[in-house]
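Position one of the sequence shown corresponds to residue 1 (the numbering used here), numbered consecutively onward.
Ideal Cβ placement from N, Cα and C applies to all residues, glycine included.
Remember, it's a predicted structure, so these values are computed and weren't measured experimentally.
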Amino acid sequence: MMAGGASSGAVLVERRGGDPAGGPGGGERPGPAGGGTAYEVVIIGAGPAGYTAGVYCSRARRRTLILSGLLPGGQLVNTTEVENYPGFPKAVMGPDLMADMREQAKNSGASIVDEEAVNVDLRRRPFKVLTASEEYEADAVIIATGASPRKLGLDGEEALAGKGVSYCATCDGPFFRGAELAVVGGGDSAMEEATFLTKFASAVHVVHRRDELRASRVMQERARGNAKIRMHMSCEVKEIRGGGRVESVTLRSSRTGEESELRVGGVFVAIGHDPNTAMLGGQVETDGDGYVALRNGTAMTSVEGVFAAGDVHDRHYKQAVTAAGYGCMAALEADRHLTERRQKGA
Ligand code: NAP
């Protein structure tokens, strides 16, 4: 059902200091107290960036909604142990970390709805964020929808994800001490991941589909100069094999069609990411690869009042802790934006 009441009655008012959605501990309601679907801040996405933004907005007493999407918790719910998130000297399980972040956002006062935003209208105020069943209004929007690692599309890849198939060397590399590993891709990420993995692996096989790497010269040189790295050029991974865990990959030469078996304990797929921006419908400026473009050093997008946080704009770091930091920035800026609008009488 579309929220006709909210659409007709929503007025931009300064709600700071008022009762946020249900007050602290009152999250998970479909709308703010008193019904309706108008919020001061709607956060799209519930990874580290979205939940952190939720904590900060709610603590600033902003009426805040987090639309968690279909994978509440984001990419970390698909990982096992996380050893590089500060504050957990004995590591933490990815799903547990995200459950705690969600609980913290709720306890701070954010409403959380487990629906996916499928469309937005950012051309006029109040902004609108649509799910399959509801239309929410927002005075400010924080886009925290993340980016999805590209997949090879092989059967074994899905079956062995988290069992030797990984999309993040920084996250999972230390679990492969002494193993032989494959890294798929020929860009900067593949070179960086391969080089990083040599800290743990006995050997790293870079598998690239063309006879020329895409990576920058300096990254190529670093990888090629590393005695533990071996390049398999003009090769595609045809199959990832293993019982309970990755045991080998089948390579196929794209020049000769010849197939060979490479025994490895893990496969790191580094063939790029796709930022999750399709539902923005081109209303926010993005770069050539679809990452949300931000105004220098801020979380502001090309649309005033719309902010972005995390992997949806960050092509370089892509870490849970950096995403959380960006979520904090976006929330602080959204809060300041709302205060300034009120001061201007908007
Ligand atoms: P990328 O530059 O798009 O490279 C992706 C690589 O994966 C390419 O070599 C591509 O092959 C290959 N690939 C794509 N789809 C494939 C498929 N289905 N099967 C097999 N191979 C496939 O992505 P990236 O390496 O993640 O880098 C993204 C951006 O971040 C770049 O601008 C990069 O410079 C930047 N970055 C910078 C650093 C750094 O400076 N430290 C580190 C990481 C990333 P083709 O070459 O044949 O297309």
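Regarding residue i and the ligand NAP, is the C-beta to nearest heavy atom distance less than 7 Å?
i           : result
residue 208 : yes
residue 325 : no
residue 240 : no
residue 184 : yes
residue 192 : yes
residue 150 : yes
residue 271 : yes
residue 287 : no
residue 187 : yes
residue 111 : no
residue 205 : no
residue 222 : no
residue 255 : no
residue 313 : no
residue 166 : no
residue 202 : no
residue 214 : yes
residue 316 : yes
List the whole-angstrom C-beta distance separating residue i from residue j, where the pair is believed to meet the contact cut-off of C-beta under 8 Å.
i           : j           : result
residue 66  : residue 129 : The Cβ separation is near 11 Å, so there is no contact.
residue 160 : residue 269 : Their Cβ separation, rounded to whole angstroms, is 11 Å, which puts residue 160 and residue 269 out of contact at 8 Å.
residue 85  : residue 331 : Rounded, the Cβ-Cβ distance is 19 Å, inconsistent with contact.
residue 166 : residue 47  : With a Cβ gap of about 18 Å, residue 166 and residue 47 do not count as contacting.
residue 115 : residue 134 : 7 Å
residue 276 : residue 145 : 4 Å
residue 263 : residue 157 : Not quite, the Cβ-Cβ distance comes to about 17 Å (not below 8 Å), so this is no contact.
residue 189 : residue 109 : So it is not a contact: roughly 38 Å between Cβ atoms.
residue 203 : residue 222 : Not really, about 17 Å apart at Cβ, beyond 8 Å.
Relative to the C-alpha of residue i, which candidate in the options has its C-alpha closest?
i           : options            : result
residue 147 : 41, 322, 74, 321   : 74
residue 201 : 182, 190, 215      : 182
residue 254 : 324, 272, 319, 238 : 238
residue 124 : 323, 140, 117, 63  : 140
residue 121 : 322, 283, 296      : 283
residue 303 : 309, 294, 311      : 294
residue 232 : 100, 273, 342, 251 : 251
residue 271 : 151, 230, 108, 174 : 151
residue 228 : 207, 198, 168      : 198
residue 76  : 301, 329, 344, 319 : 319
residue 117 : 207, 110, 132      : 132
residue 184 : 169, 163, 206      : 206
residue 243 : 301, 163, 90, 113  : 163
residue 342 : 305, 223, 203, 226 : 305
residue 87  : 329, 321, 333      : 321
Should residue i be labelled buried (16 or more other beta-carbon atoms within 10 Å of its own) or exposed?
i           : result
residue 102 : buried
residue 39  : buried
residue 69  : buried
residue 106 : buried
residue 317 : exposed
residue 298 : exposed
residue 278 : exposed
residue 218 : exposed
residue 94  : buried
residue 289 : exposed
residue 126 : buried
residue 72  : buried
residue 311 : buried
residue 314 : buried
residue 287 : exposed
residue 62  : buried
residue 256 : exposed
residue 261 : exposed
If you draw a straight line from the alpha carbon of residue i to that of residue j, how long is it in whole angstroms?
i           : j           : result
residue 171 : residue 177 : 13 Å
residue 81  : residue 92  : 5 Å
residue 119 : residue 249 : 40 Å
residue 186 : residue 195 : 13 Å
residue 259 : residue 215 : 25 Å
residue 50  : residue 327 : 6 Å
residue 54  : residue 335 : 11 Å
residue 154 : residue 236 : 11 Å
residue 209 : residue 192 : 17 Å
residue 143 : residue 41  : 11 Å
residue 280 : residue 241 : 38 Å
residue 149 : residue 346 : 40 Å
residue 308 : residue 285 : 11 Å
residue 212 : residue 173 : 26 Å
residue 338 : residue 83  : 37 Å
residue 98  : residue 273 : 21 Å
residue 111 : residue 89  : 31 Å
residue 225 : residue 340 : 54 Å
residue 37  : residue 60  : 19 Å
residue 220 : residue 234 : 16 Å
Could you tell me if the beta carbon of residue i falls within a distance shorter than 7 Å of some heavy atom in the ligand SAH?
i           : result
residue 138 : Looking at this structure, you won't find the ligand SAH anywhere; what it does contain is the ligand NAP.
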